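To start, the structure under review is shown below, and the notes come after it.
Residue numbers (my numbering): 140 to 609.
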C-alpha cells in the first residue's frame, strides 16, 4: 500500500469508524445478565490446589502421542496460519512485519498475498501484523479481514476488510480496504490482536489490557473500555460494523433504560450503564491466541499471564456472553497480586475460573494456543486442544477425561519458540515458530521461522523433518 493510499485509509478511519454507533442494533429488552461467576464462594481461607483446574501431569484419554512435521520454512517471524476453506487447499501464513504468504501444494508462493510492511509497526515483539481471517462465505464474496498495528497511529490496532483481486485469487486488492475498527493503546504491549469468526457468523476480537504490567489502567474489569476484553461485532454491513442484539451489553446505554421507574431492581442491576456494547467477555489480560472448536462451538482462550501463571479459559457454545474471567483480581486460580496467597489472609476467587493453568516456575512463561484437532487423519487426536509455550517449547494436550475432568498432558518438549497456530479446511492443526526475542529488535536479522503440522507420532511421513526436541 503506498503512502497516499495508507493516508486514505487513515482518513476513512477518522471519519468512518465512529459509524458503528449509527449501525448498532438495539434490542427491545434489557441485556441478559452476565454468566454467573464460577468458583465464587463464601469468604474463607482458600488454597488454589483445592480449586478444580487442570495442571501439567494429567493423562489424556486414549493413547495420544504426537510429532510436529515441517510443512514450510523461510518465513520472517511467522505468527498465524489460516485457511480460506474454499477447496483450494491453500494455507495463509502471516509474517509479523506485515506480509501474508501462501503455501500451495507444499510450496511457498514467491509473491505475497498481502504486503503492508510500509504501514505496519513491528519493531516491538508484541506489535505487527497479528492475524488474517476469511469471511465464512469467502468462496462467494472474496472478503478477507486483517488485524495489524498501524505505524502512523502509534501502534493502534486496525481491523480492515479487503477483497481478493478480481483476476488473481492469490492477491489482495489493497485499494479495496474498508476500515472496520481502530483500537488505541497507551503502551506497546498487551494488545491481543487475534480475530476470528465464530459459529454464529460474528467477528470476535481479542483485546489485551493495554500494557505495562499489573493492569495499571484497571482495564480488565472495566466495562467502559475495550481493553482487557473479548469483543463481538457484526461486519456484514456496508460501513463500520454493527452491534449484535444478543451481545450482553448491547442496550447498556439505551436512554430508555437510564431510569429505574418501570424496570425491576433485578433488571436494573443487569443493565451496566455506559458499558461498551461490543464487549462479549471481560477480565482478560492478553488473549494472543483464541479459537473455536469447529465441532462443539466452544471458545478456547489462551490468556497470557503475569510473572507466575498462564491460563486457558473455555467458554461453552451455549454461553450468552458476559463472563468475567478474573483479571486483574486473579491470575489462573490464584489471587493477584500473588502476595495475597502467600500471606495466609482470606480471599475470594473472582470470576470464571480457567480450566487449566501452568506455572512459570516449572513449565513456561507464555501460553500459545493452536486449536482443537477435528481432522479425520488422526482419530486418536480428536477433541484435543493443543497448546504450547513460547519460552520453553513445551506442547501440551488438553481434554476432558471420561469422568468429565480436564486433563493437561505434556506431549512434547521441543526447542521451538511457538508463536501461534491455526487449522486447515480438513481440521488439521498447525503451529508456527520463530527465533523471536522480547523487546525491540529487527526480525529480518534473525533466523527464519517455520510452519509445522501436528501429526500422530506413528504417522510421520518417511523422510519428513520433525521438530527438534530438548
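No residue lacks a Cβ here, since even glycine has one placed at the ideal position from N, Cα and C. It should be emphasised that the depicted structure is a prediction, and the values quoted were computed from it without experimental measurement.
Same chain only: Cβ atoms within 7 Å of residue i, ignoring 5 sequence neighbours per side
{"i": "residue 173", "result": "At residue 173 the pLDDT is 39, less than 50, meaning the model places this residue with poor confidence and gives no usable figure here."}
{"i": "residue 530", "result": "503, 504 and 505"}
{"i": "residue 594", "result": "205, 206, 208 and 517"}
{"i": "residue 350", "result": "324, 325, 326, 327, 328 and 329"}
{"i": "residue 521", "result": "512 and 513"}
{"i": "residue 435", "result": "456"}
{"i": "residue 549", "result": "195, 533 and 535"}
Extent of the continuous beta strand (DSSP E) to which residue i belongs
{"i": "residue 452", "result": "448 to 454"}
{"i": "residue 368", "result": "368 to 372"}
{"i": "residue 213", "result": "205 to 214"}
{"i": "residue 549", "result": "545 to 552"}
{"i": "residue 502", "result": "No beta strand (DSSP E) contains residue 502, which DSSP labels as neither H nor E."}
{"i": "residue 559", "result": "557 to 562"}
{"i": "residue 485", "result": "No beta strand (DSSP E) holds residue 485; DSSP gives it neither H nor E."}
{"i": "residue 219", "result": "217 to 221"}
{"i": "residue 428", "result": "428 to 431"}
{"i": "residue 539", "result": "533 to 539"}
{"i": "residue 264", "result": "Counting along the chain, residue 264 falls outside any beta strand (DSSP E), and DSSP gives it neither H nor E."}
{"i": "residue 589", "result": "588 to 595"}
{"i": "residue 510", "result": "506 to 511"}
{"i": "residue 441", "result": "438 to 442"}
{"i": "residue 569", "result": "568 to 572"}
{"i": "residue 418", "result": "418 to 420"}
{"i": "residue 272", "result": "268 to 273"}
{"i": "residue 525", "result": "524 to 528"}
Inter-residue Cα distance where the pair is residue i and residue j
{"i": "residue 517", "j": "residue 562", "result": "14 Å"}
{"i": "residue 362", "j": "residue 414", "result": "5 Å"}
{"i": "residue 248", "j": "residue 311", "result": "14 Å"}
{"i": "residue 441", "j": "residue 378", "result": "31 Å"}
{"i": "residue 604", "j": "residue 590", "result": "11 Å"}
{"i": "residue 261", "j": "residue 428", "result": "18 Å"}
{"i": "residue 490", "j": "residue 246", "result": "46 Å"}
{"i": "residue 291", "j": "residue 273", "result": "25 Å"}
{"i": "residue 216", "j": "residue 430", "result": "21 Å"}
{"i": "residue 354", "j": "residue 324", "result": "13 Å"}
{"i": "residue 197", "j": "residue 315", "result": "49 Å"}
{"i": "residue 583", "j": "residue 256", "result": "12 Å"}
{"i": "residue 222", "j": "residue 567", "result": "11 Å"}
{"i": "residue 480", "j": "residue 439", "result": "27 Å"}
{"i": "residue 601", "j": "residue 564", "result": "24 Å"}
{"i": "residue 492", "j": "residue 499", "result": "18 Å"}
{"i": "residue 457", "j": "residue 385", "result": "13 Å"}
{"i": "residue 606", "j": "residue 188", "result": "34 Å"}
{"i": "residue 390", "j": "residue 318", "result": "24 Å"}
{"i": "residue 190", "j": "residue 592", "result": "34 Å"}
{"i": "residue 555", "j": "residue 369", "result": "28 Å"}
{"i": "residue 116", "j": "residue 372", "result": "Look at the range of the chain in this structure, 140 to 609, and you will see that residue 116 is not part of it."}
{"i": "residue 179", "j": "residue 186", "result": "For residue 179, the predicted structure reports a pLDDT of 40, less than 50, and the residue's modelled location is therefore unreliable. A value from the coordinates is still provided. Taking the straight line joining both Cα atoms gives about 13 Å."}
{"i": "residue 125", "j": "residue 302", "result": "Only positions 140 to 609 of the chain appear in the structure, and residue 125 is not among them; the question remains open."}
{"i": "residue 423", "j": "residue 599", "result": "37 Å"}
{"i": "residue 83", "j": "residue 443", "result": "Here the chain has residues from 140 to 609 only, and residue 83 is not among them."}
Own chain, CB closer than 6 Å to residue i, minus 5 neighbours either side, in chain order
{"i": "residue 201", "result": "519"}
{"i": "residue 586", "result": "574"}
{"i": "residue 271", "result": "221, 231, 233, 239 and 285"}
{"i": "residue 168", "result": "Low local confidence applies: a pLDDT of 35 at residue 168 is under 50, so the model's placement there is unreliable, with the coordinate-based value given in what follows. If we look at residue 168 and ignore the five residues flanking it on each side, it has no Cβ neighbours."}
{"i": "residue 253", "result": "239 and 311"}
Whole-angstrom C-beta distance between residue j and residue i, which should lie under 8 Å
{"i": "residue 251", "j": "residue 240", "result": "6 Å"}
{"i": "residue 618", "j": "residue 295", "result": "As displayed, the chain neither begins before 140 nor continues past 609, which places residue 618 out of reach and without an answer."}
{"i": "residue 426", "j": "residue 336", "result": "About 16 Å separates the two Cβ atoms, so there is no contact after all."}
{"i": "residue 269", "j": "residue 219", "result": "7 Å"}
{"i": "residue 467", "j": "residue 359", "result": "4 Å"}
{"i": "residue 596", "j": "residue 204", "result": "4 Å"}
{"i": "residue 545", "j": "residue 193", "result": "4 Å"}
{"i": "residue 433", "j": "residue 513", "result": "5 Å"}
{"i": "residue 496", "j": "residue 472", "result": "6 Å"}
{"i": "residue 383", "j": "residue 341", "result": "6 Å"}
{"i": "residue 277", "j": "residue 339", "result": "Contact flag wrong, Cβ pair sits at about 17 Å."}
{"i": "residue 610", "j": "residue 289", "result": "Since the first residue of the chain shown is 140 and the last is 609, residue 610 is not available in this structure."}
{"i": "residue 536", "j": "residue 199", "result": "5 Å"}
{"i": "residue 347", "j": "residue 331", "result": "4 Å"}
Contacts around residue i, its chain only, beta-carbon distance under 8 Å, and the 5 residues preceding and following it disregarded
{"i": "residue 552", "result": "531, 532, 533, 534, 608 and 609"}
{"i": "residue 357", "result": "467"}
{"i": "residue 227", "result": "243 and 308"}
Residue range of the unbroken alpha helix (DSSP H) whose run includes residue i
{"i": "residue 481", "result": "478 to 482"}
heavy atom of the ligand PLP below 7 Å from residue i C-beta
{"i": "residue 593", "result": "Of the ligands one can find in the structure shown there are none, so the ligand PLP has no counterpart to examine."}
3 or more residues per run - each beta strand (DSSP E) lying fully within the stretch 278 to 349: 282 to 289, 295 to 303, 311 to 322, 331 to 336 and 342 to 346
Contained beta strand (DSSP E) runs [length at least 3] in the stretch 229 to 262, N- to C-terminal order: 230 to 234 and 238 to 243
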